[in-house]
Amino acid sequence: MLGMLQRLGATGLEVAAAFGRAGVLCWQSLWGLPDWRNGPALLLRQLYFVGVFSLVIIMVSGVLIGMVLALQGYTVLVRFGAEAALGQLVSLTLLRELGPVVAALLFAGRAGSALTAEIGLMKATEQLSAMEMIGVDPMRRVIRPRLWAGIISMPILAQVFNMVAIYGAVAVGVYWLGVDPGSFWSNMQKVVEFREDVLNGVIKAFAFGIVVTWIAVFEGYDAEPTSEGISVATTRTVVFSSLAVLAMDFLLTAVMFGVD
Amino acid sequence: MKRQRNIEITVGAFMLLGICALAFLAIQVSGLSLSSAHRDTYHLKARFNNVAGLTNRSQVKVAGVVVGYVTGIHIDPVTVRAVVDMAIDKDVDYLTTDSIAAIKTSGVLGEQYVSISVGGEPDMLADGGVIRDTQSALVLEDLIGKFVSNMGKN
Chain A
0 MLGMLQRLGA TGLEVAAAFG RAGVLCWQSL WGLPDWRNGP ALLLRQLYFV
50 GVFSLVIIMV SGVLIGMVLA LQGYTVLVRF GAEAALGQLV SLTLLRELGP
100 VVAALLFAGR AGSALTAEIG LMKATEQLSA MEMIGVDPMR RVIRPRLWAG
150 IISMPILAQV FNMVAIYGAV AVGVYWLGVD PGSFWSNMQK VVEFREDVLN
200 GVIKAFAFGI VVTWIAVFEG YDAEPTSEGI SVATTRTVVF SSLAVLAMDF
250 LLTAVMFGVD
Chain B
0 MKRQRNIEIT VGAFMLLGIC ALAFLAIQVS GLSLSSAHRD TYHLKARFNN
50 VAGLTNRSQV KVAGVVVGYV TGIHIDPVTV RAVVDMAIDK DVDYLTTDSI
100 AAIKTSGVLG EQYVSISVGG EPDMLADGGV IRDTQSALVL EDLIGKFVSN
150 MGKN
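Chains as they are written, first to last, in numbering that gives the first Met the number 0: chain A, 0 to 259; chain B, 0 to 153.
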């Protein structure tokens, strides 16, 4: 009994310490003047690896999710003779919820795990210590460009996801199931508000980008420098960032679209 | 050096794709047109016995054409009637003081909107004006109730 209590306390302290280390990591990597000489090139490289490489999976899943949404929405709406409302159903679902959330989950699986593994391996092979030895700050050199790349890429990826998914829905709804394209688009435009729906989706994606990249980078930096440690850290990145995205999505939805 | 250039181009294309996606969502999906966002409006009020499902941002139409939207609905504590505030486009300056505001439904289950029919008076409604003649929303349940009770009598 006492042992259990002791373990509980130890776990609690460990969690608190991990949060503290994550905060310190964020502070150390983002604080300070930007490095104009090397910074842009490093950031560009990371944008390439984090953003551009995630594009294919985001676009393919976007098309598929749009198609599924259209098909499911159609089968329900057609019963009420309201299949013309398919456009607003699909676009609101995507812009408000599915776009940012699914893009963030895919991003965590595709880019977050890669970031963790890369930084964890750098730590395990003592590349980070070597950088410190030659007077290069690994926080600025390694962590900062990756954090920024994730934060910048995520909203872009989410918007691309939305766009592609809407076209997937058009392909199924309009060209296959025969919803009138005019009412599809005009119903959508009538209901969707730029500030309320589109911009709130961008804000969501931005918040998810911060959380996912932060967790990924921290888990990599905090990993035990063994092969097992890296595998644990990679798993933790995907699990924690997925949970964090879903929990934050609920909070953000309550704030943005909740009953006032 | 060549490789660095390729990365630059690809990342640039990635960023542009993001901007294009946002522009697409803004224009094609949300139907945002820059001119309508800052359109000048003036405000009118109308009192109804029952607004039923009318909400903020419901449309205001004249002859079926959207000329404004509802900005607020609250209850007047003295008369206990619903007061609907509406913002009407500045260029719609032909609403006479004897205009009639009615709450109507688009389709059987559609959204509710305020329909204004213009009257024949020479005076026009100005900013802050009140539409006196109103027709409350048709509540489907009430109609069905009347219909059923009439059926009983026959």
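All C-beta atoms, glycine included, are put in the ideal place defined by N, C-alpha and C.
Since we're looking at a predicted model, the values are computed, not measured.
From the options, residue whose alpha carbon lies closest to that of residue i
| i | options | result |
| --- | --- | --- |
| B/Gly71 | B/Val79, B/Gly63, B/Gln58, B/Ala62 | B/Gln58 |
| B/Lys103 | B/Phe23, B/Leu21, B/Ala25, B/Ala136 | B/Ala136 |
| A/Gln158 | B/Leu16, B/Pro121, B/Tyr93 | B/Leu16 |
| A/Pro33 | A/Arg139, A/Arg6, A/Ile56, A/Phe160 | A/Arg139 |
| A/Ala164 | A/Ser241, A/Tyr220, A/Leu91, A/Gly22 | A/Leu91 |
| A/Leu94 | B/Arg2, B/Thr9, B/Phe23, B/Ala12 | B/Phe23 |
| B/Ile115 | B/Ala45, B/Lys1, B/Ala51, B/Ala12 | B/Ala45 |
| B/Gln111 | B/Asp92, B/Leu43, B/Leu139 | B/Leu139 |
| A/Ala243 | A/Val67, A/Phe48, A/Arg36, A/Thr212 | A/Thr212 |
| A/Val67 | A/Phe256, A/Gly8, A/Leu85 | A/Leu85 |
| A/Phe249 | A/Glu96, A/Glu195, A/Glu13 | A/Glu96 |
| A/Thr236 | A/Arg6, A/Arg109, A/Gln45 | A/Arg109 |
| A/Trp26 | A/Val75, A/Leu4, A/Ala113, A/Arg143 | A/Arg143 |
| B/Gln134 | B/Ile99, B/Met150, B/Ala62 | B/Ile99 |
| B/Ile26 | A/Gly8, A/Gln188, A/Leu176 | A/Gln188 |
| B/Asp141 | B/Ser29, B/Lys1, B/Asn49 | B/Asn49 |
Endpoints, alpha helix (DSSP H) assigned at residue i
| i | result |
| --- | --- |
| A/Ser53 | Looking at the DSSP string, A/Ser53 is not in any alpha helix (DSSP H), and its letter there is neither H nor E. |
| B/Asp141 | 139-152 |
| A/Lys122 | 112-123 |
| A/Asp248 | 226-256 |
| A/Tyr220 | 199-220 |
| A/Val101 | 98-106 |
| B/Ala51 | Per DSSP, B/Ala51 belongs to no alpha helix (DSSP H) and is neither H nor E. |
Residue burial classification, residue i (beta-carbon count within 10 angstroms, cutoff 16)
| i | result |
| --- | --- |
| A/Pro99 | buried |
| B/Ile74 | exposed |
| B/Pro158 | Residue coverage of chain B in this structure runs from 0 to 153, which leaves residue 158 of chain B outside it and unanswerable. |
| A/Lys122 | buried |
| A/Tyr73 | buried |
| A/Ser126 | Note that residue 126 of chain A is Gln in the sequence shown here, rather than Ser. By the neighbour-count rule (16 or more Cβ atoms within 10 Å), A/Gln126 is not buried but exposed. |
| A/Gln71 | exposed |
| A/Phe207 | buried |
| B/Arg4 | exposed |
| B/Val79 | exposed |
| B/Gly127 | exposed |
| A/Gln45 | buried |
| A/Glu82 | buried |
| B/Val64 | exposed |
| A/Thr115 | buried |
| B/Val129 | exposed |
| A/Arg78 | exposed |
| A/Arg20 | exposed |
| A/Lys203 | buried |
| B/Phe146 | exposed |
CB contact check: residue i to chain D, cutoff 8 angstroms
| i | result |
| --- | --- |
| A/Gly50 | Considering every chain present, this structure includes no chain D. Its protein chains are A and B. |
Residue i, enclosing beta strand (DSSP E) - first and last residue
| i | result |
| --- | --- |
| B/Gln134 | 132-134 |
| B/Leu43 | 40-47 |
| B/Ile99 | 99-104 |
| B/Thr9 | Premise fails: B/Thr9 lies in the alpha helix (DSSP H), 1-23, not in any beta strand (DSSP E). |
| A/Met132 | Careful: A/Met132 lies outside any beta strand (DSSP E), inside the alpha helix (DSSP H) at 126-132. |
Cross-strand partners of residue i (DSSP beta bridge)
| i | result |
| --- | --- |
| A/Met0 | Paired residues: none, contrary to the question. |
| B/Ser114 | B/Lys60, B/Ala101 |
| B/Thr95 | B/Met123 |
| B/Met85 | B/Leu43, B/Val69 |
| B/Ala75 | Per the sequence presented here, residue 75 of chain B reads as Asp, with Ala not at that position. Partner(s): B/Arg80. |
| B/Gly128 | B/Leu43 |
Residue i beta carbon near the ligand PLP (any heavy atom closer than 7 angstroms)
| i | result |
| --- | --- |
| A/Phe205 | For the ligand PLP, the structure offers nothing, since it holds no ligand at all. |
**Prompt:** Mind pulling the alpha helix (DSSP H) runs of 4 or more residues that sit fully within the segment 138-178 of chain A?
**Reply:** 143-169
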